[in-house]
Structures are given as structure tokens and as C-alpha cells.
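Colleague: Residue 1 is where the sequence shown starts when you use UniProt numbering, and the numbers rise one by one after that.
Below: one structure in C-alpha cells.
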Amino acid sequence: MKRLPKIMLVTAALVLIICALLLSGLRFFLPYINDYRTQIAARFEQTSGIPIEIGHLDAAWHSFGPSLTINQVVIRSDMLDADAEKISIELDVWRSLFSLRWRFRDLTFYQLNVDYKVPLDKDSPLDTDQQFGSFDDLFLRKFDNFTLKNSQISFLTPSEQKTTLLLPELSWLNQPGRHRAQGYVSLETINKQHGFLQVKLDLTDKNDILSDGTIYLQADNIDMQPWLSRWLRDNSGLQDANFSLSSWVTLKDSRIQSGLLQLRQGEANWEMDHAAHNLQVNDLLLRMRRQGNGWLFDIPELDTVKTDEYIWPMGSLSVLYLPSSSKYKHNDHWRIRAKNIQLERLSEILPTFSFLTPEMVQDWQHRQPMGLISSFAVDLTPDMPEHTQIDMDWHDVSWKKWKSLPSMNGFSGVLVGDKQRGVVSFSVADGEIDYQPMSESDKPMFAKPLNITKARGHIFWRALEDNFELWSDKLDIQATSLWVNGQFRYQQQGQQKPDLNILAGIRLDDAGQAWRYFPQTLMGQDLANYLTSAIIAGRVDEASLLFRGSPEDFPFYQNNGQFQVFVPLRDATFEYDPHWPAIFNLDIDLNFQRQGLFMSAPTLKLDKAIATDVHADIADYADSMLKINANIAGTGQQIHDYFMLSPMKESIGETLDILQIDGNVAGSLALSIPLEPEKQVVAEGTVKLNHNDIYIKSIDSQLKQVSGQFSFVNGNLTSNTLQGSWFGQPIDLSFTTHEKKKHYQVDIQLAGHWLAEKINAIPENLRQKLQGKIDWQSTVGITIPEHAGTKTALDIQLNSDISQLKHQFSDIDPQLLSKLKTLSAQAQGSTEQLAIYGDIGKLIGFNSEWQLGNQQVSLLKGQISPWKDTIPQLPKSSLLQIDLPEISDPKWLMLLGQLDIDTPASKAGDMRFDYPHTIKFTTPSITLGGQQWKQLALTVDQTASGFSLQANSPDIRASLNMPHDKYWQLAIDYLYFNPLSTLTPTSDKTVNSASQIYHFASWPTLNVLCRECWISGYKLGQITATLQPKGHTLQLTGGTLNNSATQLKLDAIWQSGSENKTQLAGTLQGERFDDTAAYYGVLVPIIESPYVIEFDVNWRDTPWSPDVSSLNGLLTAQLGKGAISEMGGGNAGRLLRLMSFDALLRKLRFDFRDTFSNDFNFDSIKATAKLTKGVLSTENTFIDGLIADIKLSGQINLLQRKINMEVVVTPELSATVGVATAFAVNPIVGAAVFAASKVFGPLWSKISVIRYHITGSLDEPKIDEVLRQLKENEK
């Protein structure tokens, strides 16, 4: 023991000597170490297994130990390449010896560049022995500390982007069981540097593994893109992601135990579907911790997140993940809890998780859900779905349609349950459900999205073993115009067919919106399209829906289920075919039963017609055929109007427009309407006539009391023989129509056996003179073209047998009609132009060309002439030529006037008739105005200002100018008018003459100028007058007659009302009475006497046929100095006999034959006479004679031709008897003067007064002398 200190001393000295030798050797060796760098590199490679290249070595010895500087170090391996510009090593020998491990005073790597060739796997553990081998042992255990300066580590990020980790300065301290580090790091990619990250680590190891400790990271505005996966970077359109963050990670047993990530501030920008998105955070906390074998992730506050400028609501999110949980049979289990999650905010960030759930995110993007999930809790075991439980509450959720899920909005509700049982309570407010398919080839369930205004209900489910049930006891849905409430139950037992029961009540405010709810895929597209266009308006109350059976068996062709929808449609507007008129105010029941639709209505209106017992059925949807049957009643006009609104407008409608039926009509209608497009509707039925009136538009006439029926199939009509009355006579009528390829043909057959005296179309006065039977037949062919531009063709034929017709016209050959025998006429052309021609008994032929227009008929040209074995040729120009036979009875004209008056107005409205501008009439003879006019030719010309009429015959040459807005002008160059008219009593005249009514209202004002007029054989000279109508009166004013012998001024009024009345007033004057009489071919005894005669007379009847019994008026006459010569005969004698003056003068001559000379001279004759009812009376007719004065008074009854007159003759004793002037117009004065000159004899000077009384008839008057007073008796 005593030697132990010595041994230790010797040993220590020995060690010191060895150390001294070693240190001396090192001092000597170290400066030359570069010479041995190859051997050193080989030894290092042999020891570590890592190839190394060294460019240069520098070494020295210091008091603390050696220092070594290694330059240009290069290491190459399969996993990495590394090089360093310089490695500075200072070994603390003394500390190393005391601690028995390497202690470095300084270990610094300058510009160390490490390039990892493999990506950093996010799943790699923290222990990297398998990858980096001895590097871990070297840096974590062999080195007690080291420093990296201006170094960098290059590696592939998870996005496979080449990234460089810049290490400006990093210090690492290794202690036994503990490892600490701090410093700054920065990431650099090819394009940019991504900021600096402060790192602090405090880790412990167990069994040479870093297993426990804390990692702290802090960074400001660091670019996170390199740390994201390449899929996320490329497919999310990420543009930048810069965040300021702090993170604490706790490790335990080489696993992350918990963590806290605080994103203090930052944002990310990306583009998705051409839309820019933005994420901003402000102090967002993300917590995680282990819970058992799983993880609990928690974000306590979501309102620190802002996406696309929208702040998230105050909510939270937590997720518990339990992998291989024993509670769930070692299956992964998830528990998710969330509050106040705005779905549209998830839509903006969900693409960042596409690498986790790509299909789900894709569906989410298409559906674009929106709304608020107020609470969400789900327990999910993917491999054990029967253990899934969910509790969810949402408000105003919406999404777009995608795949088989329809769109929805305004959806709120609560869902509680699991796979075995549960309930959904929901409500919808102003929502929309869109069932439109995504593919155009798929047929949509509904035509348009369903607009839900309000809906609520509870739906339950239960799944026990093989039995599944889904039901609701009360569902209430209100949509556009629709209100449905009811219940349903769906059951399926094992592999059996499912069973569905539905019972619902339906209410529809506007049936025009029903098309929205037709299930097109179930009822068929054709039926859905038909009902969509058919139901325009209406309402439905208390409709019912019943379904019972398996949906797989629908529509229950085997009667193994029940489906019925009964819809009482009221006040509806229904268009059963788009080309037929819609039905208004319709009450109809629609019964959808299995595979058919059956509709019925007791009555409905077809426009204004009434249909009863209406049935419209689709027996089977597969047949796509709607059949409608109904009885129709209405007026003929209503039936016509209805078909004019239908596709049969150009067939039945046009036919009923030609044959216009008046009165009530009954019939039936059957329509077969194919629901498939481009197929034709078949319409058929019957129309029954029962004493109806039919107006034939094409001939402007009406059939009365027509009975019979006709049937139709589409445009083809066929009638039986219709019987009726036409113009008061029976008629048989039948017609057929045919639809041709290019036109529509209407054929009408007419026949009648008529009694002429009963044809009410003939005026009464003419019909009374006809008797006998007329047999006739007619056919009318109407060709209606297919195209509107083509004209409608007409072909009309008429054949009539008039051989049994007789007449009672006295001046017409009574055998004329029987000689004519037949009447044949034919009309051909179109509705615009028509040629009408034919003959009457092969004696008279006619030919004409007509132009037909709207409310206008124009005769273009025409010819009527005696028959010459062929149809007369039409004139070459626009002219109507009428060659009339001889007309001798003036009653013909009265007959024509009666025909014109009695012709009824056209039933088609006011029809304008146009004729050629020139119309020419010729006749060999015509009796008119009491005169027979020979070889008369009348030509009427239409001019721009009006019309003109030219008359030429041996008796007249005249022209009548008839302007539209001026007085008519009648200019007569020559007129010879000698009517057979005399003043005759009423008993000799016909009563009709006075009662004939003339209508002056339409007569124009006429100015008349006659240059040479002969009236009744007298040459009157020049005549002028103006005829002006005023109501029922025709007034003549300014009438004058001038010739060399006389001047006449005349005014007249002709009134025609209940009877004709005529009034004349005027003045007749001349220089010599005898010259005036001689001008008119009359010899009178009054000579050389100027005269003035004034008259104002009136009578009942026409001007040319006065009624003597109604003759009234006043006559005055004043003659100047003249004489009454020897009385002659002729007309003057007749005038004197009228007044009985010839008998008076014979009497005077006999009594005083010695006193009277040949002439009776007078100074004047003055007379005033009054006419009263045909009686001429005078009281003061006075002749101032040279030898005597004569006064006449009394009456002459012109009607009875009797005279009763007193004559007083007073001789002038101092006067010499002169010769009287010529006999003039006044027969009374003339006779008196003549008598005074002839009767007074030699005893004249002895007589004071002589009185005569003339009585008797005008033909044989009786003259009695009642007084002769002598002069001596006066004394």
C-alpha cells in the first residue's frame, strides 16, 4: 500500500512522458497532415462507409488541443450529395479526456451544401437511421455541438419542387440524453426566397432515438407553397400562401402527443374554375392532441377566418379520429362535431382538400351548397354503417342539381336517428326543386323546377332485419298554385316487391300551372305535352290521389294495383287541340286511372255553341290517342263561327259560309286527336236541320224551313236530300264536299217544282199576272284552292222549264212564255271573275263578264240580244249592249219600277254594283209617257265628273249631263212629244194613276233647255226650266217658253205622297192674240188684240193627267183693242162650243141681223174666273165693245159638261159698230164680243138692255131671252 503512491506517480510520469512525446509528435506531424489527406479520406470512408474527397488539410496545435481546417470537402452517395467550402474543428483535448467523449471547442461548417436526392416523405418517422445511417450518430452523438454558417440543404418537397433550406446560422448542442438547437432557416425555390423561420428544439432521446421534447417554430410572412403537395398546388390554382405563424409540437415516445398552431396573420390566393379565391386568417388556433389511440382536432373559433372577403360565423369544429377502435371491432371510427358552419364558405376552401376526397369535392363543387348548419354531430364507422348515428340541424340550405340529386333551396330541418330508425322534420319556404336531368338524352321528371312556397312534414324510417319502412302521416306542400296534403307509406320485405300506399288531397288555384307537376317519365311525354298545352286555366278543389301497389308494377296492366287521380276541374279554359278553338268556363272531371285518362263534362261551350254529354278518353297512354265524343247544339251561325276557328275552316267552315244556316241546329262531333306530333286529327260527326233557314251566299238568296241532315269526316261532307222552301216554294237541296290533293271541292244540287203565282220573289203586281208551274234544276260547283294565292273556281248551271207558265199582260203575247219553253244559264269562273251566259227559249241570248270583289260586283262587259243559235259575242270594249224588243205597254215600265222598289237589301250587306262606263240600249219601239218612240237608242257614259245620257231617235235628239256634285243639265236639240192625254172625267181614268207614288228624294236638280220642242203637235219653240226635288215634292222654277208669237212664264209644283198633286202658276202674253193662235196652228176670231193671261191652278194627279174633278184655281185675262171677226171652224169653233158662245152668237145674229156687221170691235176684254172642283165660275167678265157692252156671269161644270150663265147686252147708242178683234184664248170674252158684233140688228138703237140665260150641255146649249127692255119703257 505504501508503494501505491509511488506507482501512481511513476505511472503519471510515464503518461506525461508519453503525452509529451505524443504532443511533440503531433506538433511535428500536424503541419504536414495535408500530405496524408488521401490516406485519411480512405480511412474515413472505411470507417463510415461514406465516400469522401478532401481538397486540402490544414492543422495546428494549440494549448487546448489540435485545430483542423478541411477545405473543399465533397461527399457523394445514392441518397445525397454534400460539399463544404470549409470545416473548422477545434478539439478540446483536456475536456475530452476528462469526459471520455469528444469535446469540441469549435465545430463550424462553412458553406455546407447538402443535396438530398429523394423527396422528404411526409410519412417518414423522425428517426432517420435507415436513411442516413451514421450521419445521425455523427451529428447527434459524436459532436457535442456544431454550428452551420451560410449553409444550405436542398431537397424535394412533397410537391416534388426543388427547394433549398438556407441556414444563415444554426447552433446545435448535444448533451447526454438531451439535444437543443436554435437558429434561423429559410426556404428558397427556383424563383424566390420564402422567408426566415425561427426554430427552437428541446428534445430528449431514449435508446438513441429522439423520442420526447418540444419543437417551437415561429415565422413572419413565410411562403407555405413549398410545403403543400404538388396536386394541391397544380389543381387548386394556388398562386401564393403567406402566413405569420407560431407552432408548438410536443413529442412523446417518438410520436407527436399534441400540438398547437397559431396562424397569427396571413392569406392565400388561388384560382378555381376561372374564379379567384382568397383566404385570410387573424389569430386562428388549431389544436390537436392524442386521445387514446386516436386524434382529436379542434378549431374553437372559426370567426377568425375570412374567405373571399366574407367572415365566417362564430362557430367551431372538432374531429375525433379513432383508428382500429376495439369498441368498433377494430375499425376506424370518426366523430365529427360542428356548429354554425356556413356551407358556401366551405365551398371556397374545399378544393384544397381534394387530395383527401376528390370525388366528394367534385360533387360539392357542382352542387354549390349554401346555408347554415347550426349543429352537426355524426358518429361514423365506414366499415360498419349500421352504427352510424347523426344529429343535424340546418337552416335555409340550398344546392344545385347534380347527378341524380335535384336542386333545392329554402330547405330547413332537423334529422335525428341512425340506420335502424329515425325521423326528419323539415320545412321549405320559397324553395325550388329542380329535377332536370344532367344529360340531354335523359327525360326529365318534371318540365320545369318545382317552386315550393311552403312545405312541412315529418318523415320516419325504420329498418329492422329485412324489413324497411318509410312513411309520413302528414305532409303539407304548397307550390305555385298547388296545395297538396296527405300521407304515404313505403314498405319492402326482403327480396319481395316494394309496396307503396299514397293518399293525398290536391287543390289547384290556377290549372294553367298544372303542367309543372306532370310526372313526364311516368305518364309519358306525349300525354304530358298534350295536357300542358290543353289546360290553360281553371281551378281544382278536392282532387284526390290514390296509389296502392308496387311501383314496379305500375301502371298495373295485370290489375294488380290501383292508381287513380280524380281532378274536378272547374271554370277552366281547355284547348283540346292547338288548332281548334279553346273552351272557356268549362267544368270537367279528369280521371287518371291506371294507364288511361277519362274526361267527362255534362255540358260545355264550343265558342257560342253548346256541347252536351261530352266524353274525352285516352284508353291507354301507349296508344297516344285522345277520342272526344259530344252532342252539339246551337244556331247555325254559332256552328259556323266555331268551325271557322278550327282547322276545318277551309272545309266545313267555308261550306257553312256559303250555306249560312239560321236557327237552332243539333248534331254530334267525334274527334280522334293523336298525341304524337305531326299526326292528323280526324273529325267526324253529323249536323241535323229542323226547319232551318239557309242563306246561300254565292247567289244572295235564302232557303227557308230546311230539314234534313249532313255528315262529315274531316273536310268531306255529304248530305241527304234537304227539303225546304225557296221564295215561298218547296225545294230539294243536297251537297257534297271533297278534300282533294290540291283543292277543296263543294258541289251543290238544287231542284224545284214551283207555282209562279206563289213565288214571293216576284213583285205582287207582276205575280198576279202569272200562273202555271216552273220546273228547274241547278248545280253549283265551288273549287276552293289549297293555297291562298289561287282563285276559288265556280261552275254554276241552271235549267228551267217554263213551258207551262202563263201570263195576263194584255199587251204581251199570251203565248210568249210557252214559246220560250226553257231558260238555260251557266256561270263559270272564280270568285274574282265570272262569265255568265245562256239563253231564254233559244229566242233571247245573253253573255256577260263579271268581276267580283269584297262588297263589290262589277260588270265588265255584257250583251243581250235575240238568239241566233249561239251565245252572243261579248263586246270588244267595256260596254253593256242591250238590244230590247218592241215595248208597247207602258205598264212594263211600271213593272220594272215596282221590281226595283220591292227588291230586298242584300243579306250580305251593302253590296256595291259597278257596271261598264258605257251602257247602250236599243229598241225598235217603246211606249213611254203616252207616246211611242221609234228606233230609240240610249247610250249612258260614265265620266270623271259623273254620267251622260245620249238619246237618239226620229222623235228626240237629246243629251243629259249628270255630274256628281252639280245640277243635271238636259239639253234637247229636237223633241216631238205628242202624248195621248185629254181632260177626261174621273170615271174614264184609272184609279192607279192618282195613287201611283213617285219618289223624288233621290232625284237630282235638273236644268232643262229644249231648243226645238213639239208638244201635242204644237211647235212650242225654246223652253227652259229648272226641276228641283224637295222631299216628296218636285218643283219647277224659272220655266219659260219663247217664240215669235208668245212668251210664257211658268212655275209648277208636283207633290207625290199618299196621292199625286199638281200646281201651275204663270203668265202668257203676246202682241197679237190671233198671231199667237196661228203660231200654234189655231184660227181664232179675235184679231189684233194684245193680251196678258195669268193663271194659278192645281189638281189631283200627275201633271200630264189632270183629274178634272179636283181642278181648282184662278184665271185672269186682259185683252187690248181688237175685234171679233167672223167665226170660223176648227179648233176655235171647238173652244166656243165649250163655252156655248157659238149658240149665243147665232142667237144674237138672228135677232139683230140688221145691226151686226161682219166684225165686232172692242176696246178691251177683261175677265176673272175661278175654278172650284172642276167648276168654272165668273162674275165680272166684261167686253167693252164699240156698239155694245157685254157682261157674262155664271158657271160651267167641266166635269158634267153643263153650263148655267147669264148674259147682259147693253147697246152703245153713239158708238159705231166696229169689227171685233181676233178671237183669242179666253172663250167667254171672245164669244161675247163676237155675239155683240153679229147679233145686234137695226133695232139696236131702240133697245136699252137684253138678258139671256144659257143652260144645258156644252154640246147642245139652250139660250133663252129673259128680258128685253126698250128705251121708251125707261121713260
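By construction, the Cβ of each residue, glycine as well, lies at the ideal position given by its N, Cα and C atoms.
Please read all numbers here as calculations on a predicted model, not as lab measurements.
Pull the bridge partners of residue 393 from the DSSP assignment, please.
Modeller: Per DSSP, 375, 414.
Colleague: Just checking, does the stretch 279 to 289 make contact with the stretch 297 to 305 on the three C-beta pairs under 8 Å criterion?
Modeller: Output reads yes: the stretch 297 to 305 touches the stretch 279 to 289.
Colleague: Given a cut-off of 7 Å, decide if residue 672 and residue 687 are closer than it, judged by their beta-carbon atoms.
Modeller: Contact flag unset, no.
Colleague: For the candidate residues 1035, 1167, 1042, whose alpha-carbon lies nearest to that of residue 1102?
Modeller: Nearest of 1035, 1167, 1042 to residue 1102, Cα basis: 1035.
Colleague: From residue 216 to residue 197, what does the alpha carbon distance come to, in whole angstroms?
Modeller: Between residue 216 and residue 197, the C-alpha separation is close to 10 Å.
Colleague: In whole angstroms, what is the alpha-carbon distance linking residue 693 and residue 610?
Modeller: Those two C-alpha atoms are separated by around 20 Å.
Colleague: Under the rule that 16 or more other beta-carbon atoms within 10 Å means buried, what is residue 863, buried or exposed?
Modeller: Buried.
Colleague: By DSSP, does residue 537 sit in helix, in strand, or in coil?
Modeller: Residue 537: strand per DSSP, three-state reduction.
Colleague: In the structure shown, what three-state DSSP assignment does residue 385 receive?
Modeller: Residue state, collapsed to three classes: helix.
Colleague: On the DSSP letters alone, give me the boundaries of the beta strand (DSSP E) that residue 489 sits inside.
Modeller: Unbroken beta strand (DSSP E) run through residue 489: 482 to 493.
Colleague: Just mark residue 966 as buried or exposed, buried being the case when its beta carbon has 16 or more other beta carbons within 10 Å.
Modeller: Answer is exposed; the Cβ neighbour count stays below 16.
Colleague: Return the bridge partner residues of residue 1090 from the DSSP annotation.
Modeller: Paired residues: none, contrary to the question.
Colleague: Residue 652 lies in the alpha helix (DSSP H); which residues open and close that run?
Modeller: Unbroken alpha helix (DSSP H) run through residue 652: 652 to 658.
Colleague: How about residue 786 and residue 742: are their beta carbons less than 7 Å apart?
Modeller: For residue 786 and residue 742, yes; Cβs fall inside 7 Å.
Colleague: In whole angstroms, what separates the C-alpha of residue 360 from that of residue 409?
Modeller: Residue 360 and residue 409: Cα-Cα distance of roughly 20 Å.
Colleague: Between which residues of its own chain and residue 1195 is the CB-CB distance below 6 Å, once the five residues before and five after are set aside?
Modeller: Contacts found: 1175, 1177, 1204.
Colleague: DSSP three-state call for residue 986: helix, strand or coil?
Modeller: Caution is warranted here: a pLDDT of 45 is assigned to residue 986, below 50, making its placement in the model unreliable, and no coordinate value can be reported.
Colleague: Do residue 214 and residue 250 have their C-beta atoms within less than 7 Å of each other?
Modeller: Cβ atoms of residue 214 and residue 250: closer than 7 Å.
Colleague: Return yes when the Cβ of residue 238 is within less than 7 Å of the Cβ of residue 270, no when it is not.
Modeller: Yes.
Colleague: When you compare only the Cα positions, how much space is there between residue 970 and residue 766?
Modeller: One C-alpha to the other measures close to 33 Å.
Colleague: Work out the CA separation of residue 1074 and residue 1044 for me, nearest whole Å.
Modeller: Rounded to the nearest angstrom, the two C-alpha atoms are 13 Å apart.
Colleague: The alpha helix (DSSP H) that contains residue 619, what's its start and end?
Modeller: Run containing residue 619: none; DSSP gives neither H nor E here.
Colleague: Using DSSP bridges, identify the partner residues of residue 575.
Modeller: Per DSSP, none; premise fails for residue 575.
Colleague: Going straight from the alpha carbon of residue 648 to that of residue 640, what length do you get?
Modeller: So the alpha carbons of these two residues sit roughly 10 Å apart.
Colleague: Which one of 821, 941, 1010, 702 has the shortest CA to CA distance from residue 956?
Modeller: The candidate whose alpha carbon is nearest that of residue 956 is 1010.
Colleague: Judging by CA-CA distance, which residue of 875, 1094, 266, 1041 is the nearest neighbour of residue 847?
Modeller: Among 875, 1094, 266, 1041, the Cα nearest to that of residue 847 belongs to 875.
Colleague: Quick one: Cα of residue 1077 to Cα of residue 806, how far?
Modeller: C-alpha separation (whole angstroms): 52 Å.
Colleague: Name the DSSP beta bridge partners of residue 1356, please?
Modeller: Nothing about residue 1356 can be read from this structure; the chain reaches only from 1 to 1275.
Colleague: Measure the C-alpha to C-alpha separation of residue 749 and residue 880 and round it to an integer number of angstroms.
Modeller: Residue 749 and residue 880: Cα-Cα distance of roughly 31 Å.
Colleague: Using CA coordinates, which residue listed in 1113, 1041, 1063, 1162 is at the minimum distance from residue 1088?
Modeller: Considering only alpha carbons, the answer is 1162.
Colleague: Below 7 Å between beta carbons: does that hold for residue 1053 and residue 1063?
Modeller: For residue 1053 and residue 1063, yes; Cβs fall inside 7 Å.
Colleague: The beta strand (DSSP E) with residue 1078 in it runs from where to where?
Modeller: First-last for residue 1078: 1073 to 1079, but that is the alpha helix (DSSP H), not the beta strand (DSSP E).
Colleague: Buried or exposed: residue 108, going by 16 or more other Cβ atoms within 10 Å of its Cβ?
Modeller: Buried: at least 16 other Cβ atoms inside 10 Å.
Colleague: Report the residue from 1160, 1182, 779 whose alpha carbon sits nearest the alpha carbon of residue 1167.
Modeller: The shortest C-alpha separation from residue 1167 is found at 1182.
Colleague: Could you check if residue 207 is buried or exposed, using at least 16 other CB atoms within 10 Å of its CB as the buried criterion?
Modeller: By the 10 Å Cβ count, residue 207 comes out exposed.
Colleague: In terms of DSSP beta bridges, what is residue 1060 paired with?
Modeller: Residue 1060 is bridged to 1056.
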